[in-house]
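One structure below.
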Amino acid sequence: ESKAELDTMKLDANMLRYLSKEDFRVLTAVEMGQKNHELVPAQLVSAISRLRHGGSYKVLRTLLRHKLIHHENKKYDGYRLTTLGYDYLALRALCARGVIAGVGRQIGVGKESDVYEVVDEEGNLNVCKFHRLGRTSFR
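Residues in the sequence shown are numbered consecutively from 1, following UniProt numbering.
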């Protein structure tokens, strides 16, 4: 898959409820590992997430299947977050703070962002804008 295909993945908020606590621990571990590494080795992911290597490997495969992370085996074996992975981490943080309770339809796609309808805990309709730094342009 090319980087352009990974950047155009559609946000499916329904899958958010099926991700486990371990899934988010591994997603967060990959994000933390990317502060110092372009590709985060599997051993580092399991060390940061504090899961057994076998447990983190199983979760990494699940996250790969859902396209929340990307695996490269060129220079050395490693993982990085996709834009969808970042979206899920952001949505989980907003849900944990009580800012949003649900995600609706996509309102628009701009040059540098995607805009979605969201609902807060009182049922009020709001808008959530996901900024996309470095989005691939097709001119």
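Virtual Cβ for every residue (Gly too), placed ideally from N, Cα, C.
Would residue i and residue j be called neighbours here (beta carbons separated by less than 9 Å)?
i           : j    : result
residue 216 : L84  : Outside the displayed span of the chain (1 to 139) sits residue 216, for which this structure offers no information.
L89         : I100 : no
E38         : Y86  : no
L27         : L63  : yes
H70         : R61  : no
S49         : R25  : yes
V45         : G33  : yes
E112        : L94  : no
Does the beta-carbon of residue i have 16 or more other beta-carbons within 10 angstroms, so that it is buried, or is it exposed?
i           : result
I107        : exposed
Y116        : buried
A96         : exposed
L125        : exposed
residue 140 : Residue 140 is absent from the model: the chain starts at 1 and stops at 139.
Classify residue i as helix, strand or coil using the three-state DSSP reduction.
i           : result
residue 150 : As displayed, the chain neither begins before 1 nor continues past 139, which places residue 150 out of reach and without an answer.
K21         : helix
L125        : strand
My understanding is that residue i touches residue j, with C-beta atoms under 8 Å, so please give their C-beta distance in whole angstroms.
i    : j   : result
V118 : G98 : With 8 Å as the limit, V118 and G98 do not qualify as a contact, their Cβ atoms being about 12 Å apart.
Does any residue of chain B have a CB that is nearer than 9 Å to the CB of residue i?
i   : result
E72 : The chain labelled as chain B is not found in the depicted structure, where only one protein chain is given.
* Enumerated in chain order, which unbroken segments of the beta strand (DSSP E) with a length of 3 residues or greater are wholly contained in the region 72-111? -> 78-81, 102-109
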